[in-house]
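Contents: one structure, followed by commentary.
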Amino acid sequence: MAESSERGALTEAVYYILLSLTSPLHGYGIMQNISELSSGRVILGPGTLYGALNTLMEKGWISSLSNRPGGKNDRKKEYQITEIGREVLRGELERLRELVRHGEETLAQGRALG
Amino acid sequence: MKKDRKVIYKAYLDLQKEENWINRMCGKGWALAKVNLLGIRFVFEPCQPGEYIYRSELVSGLGRKKRDYLAFLEDSGAEIIAHQWYNLGWTCCRKKSSDGPFELYSDSAGKLKQQKKLCKYYLFFGWLILALQALTLINHCLLYFHFGLSFSDSFIMNGFGYVNPFLSLLGIILICDGYRLRRKIRQMEKEVRIRE
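Quick note, the sequences are listed as chains A and B, same order. Taking the numbering used here, the leading residue of the first sequence gets 706, the next gets one more, and so forth. Taking the numbering used here, the leading residue of the second sequence gets 2, the next gets one more, and so forth.
Okay, here's the thing in structure tokens:
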């Protein structure tokens, strides 16, 4: 069951969160990074991000880094992608490529015919 | 001295309407600074018109998980104006509008979850109030007709409980709002199937 649901499409938010976490970031950093990556098109709400981070942690796609020594602020957690997460990301990229290829091929044909 | 503050008493059932009102006030140059008394006393302070964007939601749960989330909100640059655990966890926060658009939930699934939570509360409290009112009414009738107590005695025997038309009306309003919201949720669920 779990396997089949993991083959489905990732949400845009999850896709961008995983991309952002290829280097360690904390919550606010993720939001900023995604906004920059998408030139301000995708602006993640903190509620959405918080829920997604917790779910991704449970799935083991990302992990939280132990707090920096000397850092007394224990809530500014930093997160990083895991090997499983990278695997999922590669799979998604493959899926997206397929989508784009099909779209381009079909539309190009349409143009030739019409 | 007190001129630089504005206190408004207002009660909203619809969280979205309340949020819209708070944002309209901010547009007029009054920034919500404090909310107390079960969320009906709003204290405003002057601000630049439209200086902030306000967002509210229900943050339920207890202890660490909730604290974690509120801390996360603050870390993300939002300023928490009010969090009332005794008021269904109603939480209001704001961000400077110069920081760009601000939404707590940017995905439809998150927005849907919020609406569902609210709908659940409306229906629960609405039916609870109506059920209690109905029980009181039945009790009254029993004491009055069956046991032949006088009206005032039946009132005392009923633990001074009486059928309050205003409370009943509140129950009915809550239930109507709940089902209205449920229809909206069904509509949103259809939309989610097409677009994320």
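Positions of the beta carbon are idealized from the N, C-alpha and C atoms, including for glycine. Here the structure is a predicted model, which means the values were calculated and not measured.
For the segment 64–145 of chain B, which segments carrying the alpha helix (DSSP H) assignment without a break, of at least 4 residues, lie completely within its bounds, in sequence order? 64–76 and 109–142
Excluding five sequence neighbours on each side, which residues of the same chain lie with their C-beta closer than 7 angstroms to the C-beta of lysine 171/B? If you number the second sequence from 1, residue 171/B lands on position 170. Looking at the sequence provided, one finds leucine at residue 171/B rather than lysine. Only Ile130 meet the Cβ criterion.
How about glycine 732/A and aspartate 76/B: are their beta carbons less than 7 angstroms apart? What you label residue 732/A is simply residue 27 of the first sequence in a count that begins at 1. What you label residue 76/B is simply residue 75 of the second sequence in a count that begins at 1. A contact, by the Cβ cut-off of 7 angstroms.
Given that a residue counts as buried once 16 or more other Cβ atoms are within 10 Å of its Cβ, and exposed if not, what is lysine 96/B? To locate residue 96/B, count along the second sequence from 1; it is residue 95. The residue in question, lysine 96/B, is buried, as its Cβ has 16 or more Cβ neighbours within 10 Å.
Leaving out the 5 sequence neighbours to the left and right, which residues in its chain are closer than 8 angstroms to aspartate 5/B when beta-carbon positions are compared? The residue given as residue 5/B occupies position 4 in the second sequence. Hits under 8 angstroms: Glu46 and Pro47.
Taking only runs of the alpha helix (DSSP H) that begin and end inside the segment 721–781 of chain A, which ones reach a length of at least 4 residues, in chain order? 732–742 and 751–764
Other residues of its chain near serine 743/A: CB distance less than 8 angstroms, five sequence neighbours each side excluded: The count along the first sequence starts at 1 and reaches residue 743/A at position 38. Only Tyr721 meet the Cβ criterion.
Going along the chain, which residues of its own chain have a beta-carbon closer than 6 angstroms to the beta-carbon of isoleucine 9/B, five neighbours each way excluded? In the second sequence, counting from the first residue as 1, residue 9/B sits at position 8. Around isoleucine 9/B: Phe43.
So, at 8 angstroms on beta carbons, what are the nonlocal neighbours of leucine 770/A in its own chain, with the 5 sequence-adjacent residues on each side left out? Taking the first sequence and counting its residues from 1, the one referred to as residue 770/A is at position 65. Cβ neighbours of leucine 770/A beyond the five flanking positions: Pro729, Lys782, Glu783, Tyr784 and Gln785.
Contacts of leucine 749/A in chain B (Cβ-Cβ under 8 angstroms): The count along the first sequence starts at 1 and reaches residue 749/A at position 44. Per Cβ cutoff of 8 angstroms: Ser107.
Looking at the C-beta of threonine 811/A, does it have a partner C-beta in chain B at a distance below 7 angstroms? Start at 1 with the first residue of the first sequence, and residue 811/A comes out as number 106. Chain B contact via Cβ: absent.
Going by C-alpha to C-alpha distance, which of Leu175/B, Gly28/B, Lys66/B and Gly101/B sits closest to leucine 746/A? Here residue 746/A is taken as the residue at index 41 of the first sequence, counted from 1. Checking the displayed sequence, the identity of residue 746/A turns out to be arginine instead of leucine. When each option's Cα is compared against that of arginine 746/A, the closest is Gly101/B.
Spatial neighbours of arginine 194/B within its chain, please: CB distance less than 8 angstroms, with the 5 preceding and 5 following residues excluded, ordered by chain position. Working through the second sequence from its first residue, we reach residue 194/B at position 193. Same-chain partners within the cutoff: there are none.
Other residues of its chain near glutamate 20/B: CB distance less than 7 angstroms, five sequence neighbours each side excluded: Reading the second sequence from its first residue, position 19 is the one you call residue 20/B. Contacts found: Tyr55, Arg56 and Ser57.
Would a check of beta-carbon distances place glycine 111/B closer than 7 angstroms to chain A? Here residue 111/B is taken as the residue at index 110 of the second sequence, counted from 1. Cβ-Cβ to chain A under 7 angstroms: yes for glycine 111/B.
Cβ-Cβ separation, isoleucine 789/A to tryptophan 766/A (assumed contact under 8 angstroms), whole Å: If you number the first sequence from 1, residue 766/A lands on position 61. If you number the first sequence from 1, residue 789/A lands on position 84. So it is a contact: roughly 6 angstroms between Cβ atoms.
Assuming contact is defined by CB atoms lying nearer than 7 angstroms, are glutamine 134/B and serine 169/B in contact in what I supplied? Indexing the second sequence from 1 puts residue 134/B at position 133. Indexing the second sequence from 1 puts residue 169/B at position 168. In this structure, serine 169/B lies closer than 7 angstroms to glutamine 134/B by Cβ.
Leucine 74/B at chain A interface by Cβ criterion, 7 angstroms: Locating residue 74/B in the second sequence gives position 73, where the first residue counts as 1. So yes, leucine 74/B belongs to the interface.
Three-state class that DSSP yields for lysine 185/B in the structure shown: The residue you call residue 185/B lines up with position 184 of the second sequence. It is helical.
Determine, using beta-carbon pairs with one atom in the segment 32–39 of chain B and one in the segment 67–74 of chain B, whether at least three such pairs fall under 8 angstroms. no
Neighbour flag for tyrosine 87/B against chain A, beta carbons, 7 angstroms: For the purposes of this step, residue 87/B is taken as the residue at position 86 of the second sequence. No, tyrosine 87/B lies away from the interface with chain A (no Cβ there is under 7 angstroms from its Cβ).
The beta strand (DSSP E) enclosing glutamine 785/A, as first and last residue numbers: The residue labelled residue 785/A in the question sits at position 80 within the first sequence. Here the beta strand (DSSP E) through glutamine 785/A covers 783–786.
Which same chain residues end up closer than 7 angstroms to leucine 16/B when comparing Cβ atoms and leaving out the 5 residues on each side of it in sequence? Taking the second sequence and counting its residues from 1, the one referred to as residue 16/B is at position 15. Closer than 7 angstroms at Cβ, skipping near neighbours: Ser57 and Leu119.
Beta-ladder partner(s) of glutamate 58/B, from DSSP: The residue given as residue 58/B occupies position 57 in the second sequence. According to DSSP, which records beta bridges pairwise, glutamate 58/B is partnered with Thr92/B.
Establish whether the CB of glycine 815/A and some CB of chain B are separated by less than 7 angstroms. Position 110 of the first sequence, counted from the start, is the residue given in the question as residue 815/A. Not an interface residue.
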